[in-house]
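Chemist:
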Amino acid sequence: MRDSAKFRESAGQYCETMIEPSPLSWPIRKLLNQFDRYYAAYMLIWNFYGWREQGGPAPTLSRLKTVSSLSPRQLTSFVNLLKDSGLVSAEPVTGNRRQSVLRPQPRLVREIGRSCVAFLAAYDHIHGAALARLAESSADRIGRMIWGSARHVLEAGTVIAPFPTVFAMAGYDGGYPVLTAIMADHYRRLAGRDRIALTYSALAERFQVSRSHVGNVVTWLHRSGAIEADRSASAALVDEFERWCVAEMSHYAALAPSLGEPIR
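Per the working numbering, the sequence shown starts with residue 494, numbered consecutively.
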């Protein structure tokens, strides 16, 4: 895919999607912009759709604890926050009212799937397909795609693991959004467009995080050689990020054909 004349434009479009300003309502993106919290919500969706699609074990908090990277206390607190904010509902398990089914609400599914669908849109731009439109036509389709993705992760490991800089950024609060802003700036420069403001203040405001969080991310990128003094992406970072994009595009494109099946 990197040999396509449309690849850089596609990767740039992905980055532009990922740096769009957050909704003015409750700051869902701020909550989910760190890998462990994102992964917990991602696996909560896997838990629910596995139960719904295949009749697996009930998607309870206890089962989620077996696959989440958060500690039991952190996970309980996180799930309670999701419930309090209307992103997850809890319904009694049939025959056992002491346990509750954790049902992800469409807003959470769409937010967790935002990057997945954006990668599909990038794939579509290169290949002339319409997979992203199919996926985003319903939150259930996105949920089923995440379910399929999570099954792959549980069997073969995460797609992100072979990409050390991307993985490191995902571990910071606001790290991945800042990374995509730096890459969006890279693709804008290649296209001769206006640059992205990469100051601490601008990035902190855009992603609803503190300047110190941005500073931690930028300092790590500087020390690792991933960015230059002017915060432009190094050749090594561009190479890694583009390989990451190809891996994610391929991953979700392989899952998308099943989304056309009727939802039971």
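Even for Gly, the Cβ is constructed at its ideal location relative to N, Cα and C.
1. Where does residue 688 land, buried or exposed, given buried means 16+ other C-beta within 10 angstroms?
2. How would you label residue 757, buried or exposed, when you count the other beta carbons within 10 angstroms and need 16 or more for buried?
3. Spatial neighbours of residue 660 within its chain, please: C-beta separation below 7 Å, excluding the five flanking residues on both sides.
4. For the alpha helix (DSSP H) that contains residue 602, what are its first and last residues?
5. If contact is defined by three or more beta carbon pairs under 8 Å, each pair taking one atom from either stretch, is the region 587 to 594 in contact with the region 699 to 719?
6. For the alpha helix (DSSP H) holding residue 520, just list the boundary residues, first then last.
7. Grab the span of the alpha helix (DSSP H) containing residue 654 for me, first residue to last.
8. Three-state secondary structure (DSSP) at residue 720?
9. Here's the rule: buried if 16 or more other CB atoms are within 10 angstroms of the residue's CB, otherwise exposed. What is residue 755?
10. What is the rounded straight-line gap between the Cα of residue 499 and the Cα of residue 639?
11. According to the Cβ coordinates, are residue 722 and residue 613 closer than 9 Å?
12. In angstroms with no decimal places, state the Cα-to-Cα distance between residue 657 and residue 664.
13. Are the region 538 to 547 and the region 640 to 652 in contact at 8 Å, needing three or more beta carbon pairs?
14. Closest to residue 678 by CA distance: which of 496, 497, 501 and 627 is it?
15. Go ahead and pull the three-state DSSP assignment for residue 755.
16. Across the region 729 to 748 and the region 553 to 562, are there enough close Cβ pairs to call them in contact, namely three or more that are closer than 8 Å?
17. On the three-state DSSP scale, how would you describe residue 506?
18. Quick one: what's residue 589 bridged to in DSSP?
19. Whole alpha helix (DSSP H) runs in the region 523 to 573 with 4 or more residues, listed along the chain?
20. If you follow the alpha helix (DSSP H) that residue 636 is in, where does it begin and where does it stop?
21. Are residue 624 and residue 581 touching if we call contact CB-CB under 9 Å?
22. So, are the CB atoms of residue 611 and residue 547 less than 9 Å apart?
23. Going by C-alpha distance, which of 753, 515 and 742 is nearest residue 633?
24. Distance check for residue 585 and residue 609, CA to CA, integer angstroms please.
25. Which term fits residue 741, buried or exposed, when burial requires 16 or more other beta carbons within 10 angstroms of its beta carbon?
Modeler: With the given structure in hand:
1. As a working mapping, residue 688 is identified with position 195 in the sequence shown. When all chains shown are included, residue 688 counts as exposed.
2. Here residue 757 corresponds to residue number 264 of the sequence shown, with the count starting at 1. Note that residue 757 scores a pLDDT of 39, beneath 50, so its modelled location is shaky; the value from the coordinates is reported in the next line. Exposed.
3. Working through the sequence shown from its first residue, we reach residue 660 at position 167. The residues are 653 and 654.
4. By 1-based counting over the sequence shown, the position of residue 602 is 109. Residues 599 to 605.
5. no
6. In the sequence shown, counting from the first residue as 1, residue 520 sits at position 27. Careful: residue 520 lies outside any alpha helix (DSSP H) and carries neither H nor E.
7. Position 161 of the sequence shown, counted from the start, is the residue given in the question as residue 654. From DSSP, residue 654 is part of no alpha helix (DSSP H); its letter is neither H nor E.
8. The residue you call residue 720 lines up with position 227 of the sequence shown. Three-state DSSP puts residue 720 in a strand.
9. As a working mapping, residue 755 is identified with position 262 in the sequence shown. Reliability of the predicted coordinates at residue 755 is poor, the pLDDT of 40 falling under 50, and the value obtained from them is presented with this limitation in mind. Label assigned to residue 755: exposed.
10. Residue numbering aside, residue 499 sits at position 6 when the sequence shown is read from its first letter. Residue numbering aside, residue 639 sits at position 146 when the sequence shown is read from its first letter. Spanning the two alpha carbons is a distance of roughly 26 Å.
11. Working through the sequence shown from its first residue, we reach residue 722 at position 229. Working through the sequence shown from its first residue, we reach residue 613 at position 120. Contact flag unset, no.
12. The residue given as residue 657 occupies position 164 in the sequence shown. The residue given as residue 664 occupies position 171 in the sequence shown. If you take the alpha carbons of residue 657 and residue 664, they lie about 11 Å apart.
13. yes
14. Position 185 of the sequence shown, counting from 1, holds the residue named residue 678. Of 496, 497, 501 and 627, the residue nearest in Cα terms is 501.
15. Translated into positions along the sequence shown, residue 755 becomes position 262. Since pLDDT at residue 755 reaches only 40, below the 50 mark, its modelled position is unreliable, and the value read off the structure follows with that caveat. Correct three-state label for residue 755: coil.
16. no
17. Numbered from 1 along the sequence shown, position 13 holds the residue referred to as residue 506. Helix, per DSSP.
18. Residue numbering aside, residue 589 sits at position 96 when the sequence shown is read from its first letter. For residue 589, which the question treats as bridged, DSSP gives the partners 586.
19. 528 to 547 and 554 to 558
20. For the purposes of this step, residue 636 is identified with residue 143 of the sequence shown, where counting begins at 1. Residue 636 -> alpha helix (DSSP H) spans 632 to 649.
21. Working through the sequence shown from its first residue, we reach residue 624 at position 131. Working through the sequence shown from its first residue, we reach residue 581 at position 88. Against a cut-off of 9 Å, the Cβ pair of residue 581 and residue 624 comes out as no contact.
22. Taking the sequence shown and counting its residues from 1, one reaches residue 611 at position 118. Taking the sequence shown and counting its residues from 1, one reaches residue 547 at position 54. Result no, Cβ atoms of residue 611 and residue 547 do not sit closer than 9 Å.
23. Working through the sequence shown from its first residue, we reach residue 633 at position 140. Per the Cα distances, 753.
24. The residue labelled residue 609 in the question sits at position 116 within the sequence shown. The residue labelled residue 585 in the question sits at position 92 within the sequence shown. Rounded to whole angstroms, residue 609 to residue 585 spans 31 Å at the Cα level.
25. Locating residue 741 in the sequence shown gives position 248, where the first residue counts as 1. Its Cβ being crowded by 16 or more others within 10 Å, residue 741 is buried.
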